[in-house]
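Just so you know, the protein sequences line up as chains A and B, in that order. Take 1 as the starting number for the first sequence in the UniProt record's numbering and just add one per residue. Take 1 as the starting number for the second sequence in the UniProt record's numbering and just add one per residue. Presented below is the structure to which this report refers.
There are 2 protein chains.
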Amino acid sequence: MSDTFDPRLTDLAQEFREALRLGVYMFRRLDPEGDLTAAQLSLLSMISDGGLRVGDIAKNLGIKVPSATEQIIKLERVGLVTRQPDPDDSRAVQVAITQAGTAAVEYANQRRNAMVAELLQGLSKQEIEQLAAALPVISKINSSFQK
Amino acid sequence: MSDTFDPRLTDLAQEFREALRLGVYMFRRLDPEGDLTAAQLSLLSMISDGGLRVGDIAKNLGIKVPSATEQIIKLERVGLVTRQPDPDDSRAVQVAITQAGTAAVEYANQRRNAMVAELLQGLSKQEIEQLAAALPVISKINSSFQK
DNA sequence: CGCTCATATTTAGGTAGCCTAATAGTTAGG
DNA sequence: CCTAACTATTAGGCTACCTAAATATGAGCG
Numbered sequence: 001m002s003d004t005f006d007p008r009l010t011d012l013a014q015e016f017r018e019a020l021r022l023g024v025y026m027f028r029r030l031d032p033e034g035d036l037t038a039a040q041l042s043l044l045s046m047i048s049d050g051g052l053r054v055g056d057i058a059k060n061l062g063i064k065v066p067s068a069t070e071q072i073i074k075l076e077r078v079g080l081v082t083r084q085p086d087p088d089d090s091r092a093v094q095v096a097i098t099q100a101g102t103a104a105v106e107y108a109n110q111r112r113n114a115m116v117a118e119l120l121q122g123l124s125k126q127e128i129e130q131l132a133a134a135l136p137v138i139s140k141i142n143s144s145f146q147k
Numbered sequence: 001m002s003d004t005f006d007p008r009l010t011d012l013a014q015e016f017r018e019a020l021r022l023g024v025y026m027f028r029r030l031d032p033e034g035d036l037t038a039a040q041l042s043l044l045s046m047i048s049d050g051g052l053r054v055g056d057i058a059k060n061l062g063i064k065v066p067s068a069t070e071q072i073i074k075l076e077r078v079g080l081v082t083r084q085p086d087p088d089d090s091r092a093v094q095v096a097i098t099q100a101g102t103a104a105v106e107y108a109n110q111r112r113n114a115m116v117a118e119l120l121q122g123l124s125k126q127e128i129e130q131l132a133a134a135l136p137v138i139s140k141i142n143s144s145f146q147k
C-alpha cells in the first residue's frame, strides 16, 4: 500500500538487483555446450520426483503454458519425457521423466555443480557460510514474489 | 585441476544454482511494461558515470560485441545514448548516456527498487542481514567467473 | 439432456536478446 | 608500406519467452 520504504531497504534492493543481474550472467555461462539447456534442465528437475501436468509445470517454472508445452514437446522428441493423457481429466496431460531423462539430469547437474564448486573453492570459510545462509532467504523472497 | 570437491561444496553448488535459477525468474518479472528492459537498463547504468567504448561495454556486461552494438543502436534511436568516434582511436566508438537516458535510468531504478523493497519488507531483520552479507560474496564469485 | 461457461492444452505468429561468421575501416610493428 | 591485429558493424540464426486463437474436455444448471 505504501509507496515509500526505509531508505536502507531501497539501497539493499538496488544491491540485490545488481546481484540478480550478475546471477543471470553466471547462470547463462553455466550452460555447457552439447548438453541440456538451462531451461530443459529446470523442467526435467521439476518432474524428476513424479509426473506433473503441463499447467503445473508452467506455474512452477514461472512461465506461461504455451512456453512449457514447447519445451515439453522438444524433450519428448528426444526421449527425455513422455506425455500421457491424465486418467482423471482427459483435458490434461501428464508429463513424466524417462530413464534417459533422469540420466541426463544427473549428468548435467554433476557437470554444472563441478563448475560452480570450482568457483566456490576460491571463497573463504566465512564467505561460504555467508552464502549458504542467504540461499534460503533468496528462496523465500522468490516465494513471496510468486504472489 | 582436480575434478572432485568437498561434497559439502558440491551440495552448496547445487543449492546456489537453484538460487540462481530463482534469481533469473525474479529478474525477468522485475521488467515492468512500457519501461526500459533489463538489458537496456544494465547497459545504461554501466555508462551513467561516463562514456565507454562498445568493446568495454560488451566485456562489462558479459556479452559479445555485436550484441552490445545491437542494444546501443536501439538506445541511440530512442535518444538515450549518443555514439561518437573515439578521438584517440577512430576505430572505436564512444557511447555516452544522454540527459533523457539518465532520467530513464533513474525512473526505472526507482520503480524496480520499490518492487524489490516491497518484497524485502517481508523479511526479518536477521534475514535482511543474511542477504546483505551474501551480496558481496556473489559479486566476488562473479568476478572469478569472468576469468 | 443440452447449453453454456470454465478449464487444459496446443497451434500460430511474434519479440528480445543472445550468438557466430563475415566485412570494413584503423592502427601499429617489422 | 604492408601485413597482422584490433574495433565495430552487418547478416543470419537460435532459444526461450510472449499473446491470441483454436480445440477438446469437464461441470453446472434449467
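Ideal Cβ placement from N, Cα and C applies to all residues, glycine included.
*If you count every other CB in all the chains shown that lies within 10 Å of the CB of A/R112, and 16 or more means buried, which is it?*
Here A/R112 is buried: its Cβ has 16 or more other Cβ atoms, across all protein chains shown, within 10 Å.
*Buried or exposed: which applies to B/V95, given that a residue is buried once 16 or more other Cβ atoms fall within 10 Å of its Cβ?*
Answer is buried; the Cβ neighbour count reaches 16.
*Taking DSSP as the reference, what is the three-state secondary structure of A/D56?*
In the three-state reduction of the DSSP assignment, A/D56 falls in the helix class.
*Would the beta-carbon of A/L80 fall within 8 Å of that of A/G101?*
A distance below 8 Å separates the beta carbons of A/L80 and A/G101.
*Is the shortest distance between the beta-carbon of A/A132 and the beta-carbons of chain B less than 8 Å?*
A/A132 counts as touching chain B.
*In the DSSP assignment, find the unbroken alpha helix (DSSP H) run with B/P128 in it and report its ends.*
The amino acid occupying residue 128 of chain B in the given sequence is Ile; Pro does not appear at that position. Note, B/I128: alpha helix (DSSP H), K125 to F145.
*Could one say the Cβ of B/L22 lies closer than 8 Å to chain A's Cβ atoms, at least one of them?*
So, interface residue.
*Could you tell me whether the region 20-33 of chain B touches the region 57-77 of chain B, where touching means 3 or more Cβ pairs closer than 8 Å?*
No, the region 20-33 of chain B is not in contact with the region 57-77 of chain B.
*Hey, quick one: how far does the alpha helix (DSSP H) through A/P7 stretch, first residue to last?*
Note, A/P7: alpha helix (DSSP H), P7 to R29.
*Quick one: Cα of A/Q146 to Cα of B/S139, how far?*
Between the C-alpha atoms of A/Q146 and B/S139 there is a straight-line separation of about 25 Å.
*For the beta strand (DSSP E) that A/Q40 lies in, which residues bound it at each end?*
Premise fails: A/Q40 lies in the alpha helix (DSSP H), A38 to M46, not in any beta strand (DSSP E).
*Going by the beta-carbon positions, is the gap between A/A13 and B/L123 smaller than 8 Å?*
Taking 8 Å as the cut-off, the beta carbon of A/A13 is found no closer than this to the beta carbon of B/L123.
*Using beta-carbon positions only, say whether A/L131 and B/V116 come within less than 8 Å of one another.*
Cβ distance not < 8 Å, so A/L131 and B/V116 don't count as in contact.
*Report the option in B/A134, B/S143 and B/L44 whose CA atom is closest to the CA atom of A/E15.*
Ranking the options by Cα distance to A/E15, first place goes to B/A134.
*Taking A/V81 as part of the beta strand (DSSP E), name the residues at either end of that continuous run.*
It spans V81 to D86 - the beta strand (DSSP E) in which A/V81 sits, taken as one unbroken run.
_Chain-order list of residues whose beta-carbon lies under 7 Å from that of B/L41 (same chain, five-residue window excluded)_ = The beta carbon of B/L41 sits closer than 7 Å to the beta carbons of V105 and A108 from its chain, once the five residues preceding and following it are set aside; these are given in chain order.
*So what does DSSP say about A/Q71, is it helix, strand or coil?*
If DSSP states are grouped into helix, strand and coil, A/Q71 belongs with the helices.
*Within-8 Å CB hit, A/A92 to chain B*: Residue-level contact by beta carbon fails for A/A92 and chain B, as no gap is shorter than 8 Å.
*Rounded to a whole number of angstroms, what is the C-alpha to C-alpha distance between B/D6 and A/Q110?*
Cα atoms of B/D6 and A/Q110: separation of roughly 13 Å, rounded to the nearest angstrom.
*Separation of A/L9 from B/K125, as counted between CA atoms*: If I take the Cα positions, the gap works out to 11 Å.
*Reducing DSSP to helix, strand and coil, say where B/V78 ends up.*
Correct three-state label for B/V78: coil.
*Could you tell me if A/A68 is buried or exposed, where buried requires 16 or more neighbouring beta carbons within 10 angstroms of its beta carbon?*
By the neighbour-count rule (16 or more Cβ atoms within 10 Å), A/A68 is buried.
*Given B/S143 as reference, the closest of A/R29, A/N60 and A/I63 once Cα atoms are compared*: Taking the Cα of B/S143 as reference, the smallest distance to any Cα among A/R29, A/N60 and A/I63 is reached at A/R29.
*With burial defined as no fewer than 16 other Cβ atoms inside 10 Å of the residue's Cβ, what is the status of B/A39: buried or exposed?*
That one is buried.
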